[in-house]
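One structure is given here, and the rest of the page talks about it.
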Amino acid sequence: MFRNWMDTTFESLKDPHYRILWLGTSLAFLAFSMSWIVQGVVAFEITGKNGQVGVVALGMGVSTIVTAPFGGVIADRVSKRKLLLIGQGLTAVNFTGVGVLIVLDMITIPLLVFSTFVMGLVFSFIAPARQAWIGVLLKGPRLGNGIALQQVAMTATRILGPGMAAALIAVSVIGSGGAYLFMGLLLAIVVATLAKMPPSPAPPRDPKSTALSGLSDGARHVKSRPRLALLTMSFIATVVFGFSYQVILPGYLHNVHGRETSDMGLLLVVSGVAGLVATMAVANRAGSAAAWPLLLIGAAVLGLGLIGLGMAPTFGLSLALMLVIGAGASVFQLLNSALVMQESDPAYYGRVMSLTMMAWGFNSLAGLPFGLLADGIGEQGTLAAMGAGVLVITALTAVLRGFARRSEPEPIAIANPASDRFAT
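Every letter in the sequence shown is one number past the one before it in numbering that gives the first Met the number 0, and letter 197, counting from 1, is 196.
Here it is in structure tokens:
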């Protein structure tokens, strides 16, 4: 039984090219998960304001929202390998530059905002390219499994990333500057792994097609598939309300529980452990009929966990509730990604994923109003409001799914390798 579970859960890693891509993706996720912790700690220590942590996140939000749709168009038009090599290389330079500025005691809030702006710009192109490349490398049932394993890697780095970031920051001779330099090194290794991948030729396209027409085609594709449109919209809304809590955590720890802001790493490690266990448990269900119900359950668990965190009287209970939040968030994100790929035509992978990527741009933009709200009514009330928002979104999604099912038949498989299109 265990051997069968291992075979089905890690099926897609049997593909050698996907295995290399997965390794590089895992290291990139590790660097990005560290960056969210380090940039928040640096911003809060400079100013002592939740709102300024949100301002730093604003840079990534603005650039992601503006460029993410075009990132998907480009991902569907050019070599995905080349796009990833350039993007990850720029990110390595970005992290290294910020690290040097911190070491030289020259870092400021505007410079941190510029750094996150560049990160959002690059992420808008490499994220849909990476996701679309999986759709090229894997076919049939392996596709859903490949998406699930990418989410498993992301969840695992949520355990390692915060812990590593907190550990590096805690060592005085390393600090936040050394943490940024380490993140730059990780991205340099990612570039080296991508260099081992075979060339990925640009897909054929209509020479009369423009970036704007490609963007319009992608929007029409999503609109023409009610379940895909629902998945996209509900993902954006849930990410805005349910994943913005990290902006509040430094102030929550300091003002509510009297803890050091570096303890944010401990909270996120606990969340990551729960998320890893949960994603491993559902990784082999990503292409099954249970995916939709599990997605809704995951979102509801996330909302309830945030409400509980807002009411937690002790730090110990906060740690326990992070287990709930981590499990719910990871299950929701994993199954949403798998279902989006299932509902999309392969020719539109990049553009569809770029629309879901906009969720993280709106998430970054939401950091400022949520941070200001926390400064006004307190961190606990803000967390409870976030959780309530997630529950409302989940309920609406469940209702609207019923209408979508009646207007569009369910797909019978993850993909049809013969036609490279999804069967309905």
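Yeah, the Cβ is synthetic: ideal placement off N, Cα and C, and Gly gets one too. Computed from a predicted structure; not experimentally measured.
Taking Cβ positions, are residue i and residue j nearer each other than 8 Å?
i: alanine 74; j: glycine 241; result: no
i: valine 268; j: valine 300; result: no
i: histidine 16; j: proline 292; result: no
i: glycine 386; j: isoleucine 296; result: no
i: glutamine 149; j: threonine 278; result: no
i: glycine 60; j: methionine 352; result: no
i: proline 345; j: glycine 162; result: no
i: serine 243; j: threonine 396; result: no
i: methionine 118; j: threonine 95; result: no
i: alanine 373; j: isoleucine 247; result: yes
i: valine 55; j: isoleucine 106; result: no
i: glycine 39; j: proline 249; result: yes
i: glycine 375; j: glycine 53; result: no
i: leucine 303; j: phenylalanine 331; result: no
i: alanine 147; j: alanine 298; result: no
i: leucine 275; j: isoleucine 85; result: no
i: tyrosine 347; j: glycine 143; result: no
i: alanine 67; j: serine 123; result: yes
i: glutamine 245; j: tryptophan 35; result: yes
Using 10 angstroms around the beta-carbon of residue i, count the other beta-carbons present and answer buried if the total reaches 16, otherwise exposed.
i: serine 114; result: buried
i: glutamate 44; result: exposed
i: valine 97; result: buried
i: arginine 219; result: exposed
i: alanine 191; result: exposed
i: threonine 313; result: exposed
i: valine 92; result: exposed
i: valine 189; result: buried
i: phenylalanine 425; result: No information on residue 425 is available, as it lies outside the stretch 0 to 423 that the chain covers here.
i: glycine 145; result: buried
i: alanine 194; result: exposed
i: valine 121; result: buried
i: valine 170; result: exposed
i: lysine 79; result: buried
i: valine 37; result: buried
i: valine 172; result: exposed
i: glycine 315; result: exposed
i: serine 215; result: exposed
i: glycine 257; result: exposed
Rounded to whole angstroms, what is the Cα-Cα separation between residue i and residue j?
i: methionine 356; j: alanine 126; result: 7 Å
i: alanine 187; j: valine 391; result: 42 Å
i: alanine 412; j: serine 287; result: Caution is warranted here: a pLDDT of 41 is assigned to alanine 412, below 50, making its placement in the model unreliable, and the coordinate value is therefore given only provisionally. One C-alpha to the other measures close to 8 Å.
i: serine 320; j: tryptophan 132; result: It is leucine, not serine, that sits at residue 320 in the sequence shown. Approximately 36 Å, taken between the alpha carbons.
i: alanine 289; j: alanine 282; result: 11 Å
i: glycine 424; j: alanine 165; result: Residue 424 is absent from the structure shown; the chain starts at 0 and stops at 423.
i: glycine 380; j: glycine 309; result: 6 Å
i: valine 112; j: glycine 264; result: 21 Å
i: tryptophan 359; j: glycine 47; result: 24 Å
i: leucine 230; j: alanine 326; result: 19 Å
i: arginine 420; j: serine 11; result: Confidence at arginine 420 is low in this model, with a pLDDT of 30, below 50, so the placement of that residue should be treated as unreliable; the coordinate-derived value is given next. Each residue's alpha carbon lies about 19 Å from the other.
i: alanine 128; j: serine 223; result: 23 Å
i: leucine 399; j: methionine 340; result: 20 Å
i: leucine 354; j: methionine 33; result: 25 Å
i: alanine 30; j: leucine 252; result: 23 Å
i: aspartate 25; j: phenylalanine 402; result: It is worth fixing the name first, because residue 25 is serine in this sequence and not aspartate. Approximately 37 Å, taken between the alpha carbons.
i: lysine 81; j: alanine 383; result: 43 Å
i: isoleucine 168; j: leucine 266; result: 15 Å
i: serine 336; j: leucine 227; result: 11 Å
i: glycine 65; j: glutamine 87; result: It is valine, not glycine, that sits at residue 65 in the sequence shown. Answer to the nearest angstrom: the Cα atoms are 20 Å apart.
i: leucine 338; j: threonine 393; result: 16 Å
i: valine 221; j: arginine 18; result: 30 Å
i: serine 343; j: leucine 334; result: 14 Å
i: glycine 58; j: valine 389; result: 24 Å
i: valine 255; j: aspartate 262; result: 13 Å
i: leucine 318; j: valine 77; result: 44 Å
i: valine 238; j: threonine 63; result: 14 Å
i: glycine 23; j: proline 225; result: 34 Å
Does the beta-carbon of residue i, which I'm using as the reference point, lie nearer than 7 Å to any heavy atom of the ligand MN?
i: glutamate 378; result: By its list of ligands, the structure shown contains no ligand whatsoever, and the ligand MN lies outside what it can speak to.
On the three-pair Cβ rule with 8 Å, is the stretch 132–150 touching the stretch 99–106? The stretch 99–106 and the stretch 132–150 do not touch, with fewer than three beta-carbon pairs separated by less than 8 Å.
Just list the beta strand (DSSP E) runs in the stretch 51–84, keeping only unbroken ones of 3 residues or longer that don't cross its boundaries, in chain order. none
At least 3 beta-carbon pairs within less than 8 Å: the stretch 175–183 vs the stretch 357–377: no
Does the count of Cβ pairs from the stretch 268–277 and the stretch 150–159 closer than 8 Å reach three? Inter-segment contact for the stretch 268–277 and the stretch 150–159 is present: three or more beta-carbon pairs are separated by less than 8 Å.
Whole alpha helix (DSSP H) runs in the stretch 285–332 with 4 or more residues, listed along the chain? Counting only unbroken stretches of 4 or more residues, the alpha helix (DSSP H) elements lying wholly within the stretch 285–332 are 290–310, in sequence order.
What are the start and end residues of each continuous beta strand (DSSP E) run of 3 or more residues lying completely inside the stretch 342–379, in chain order? none
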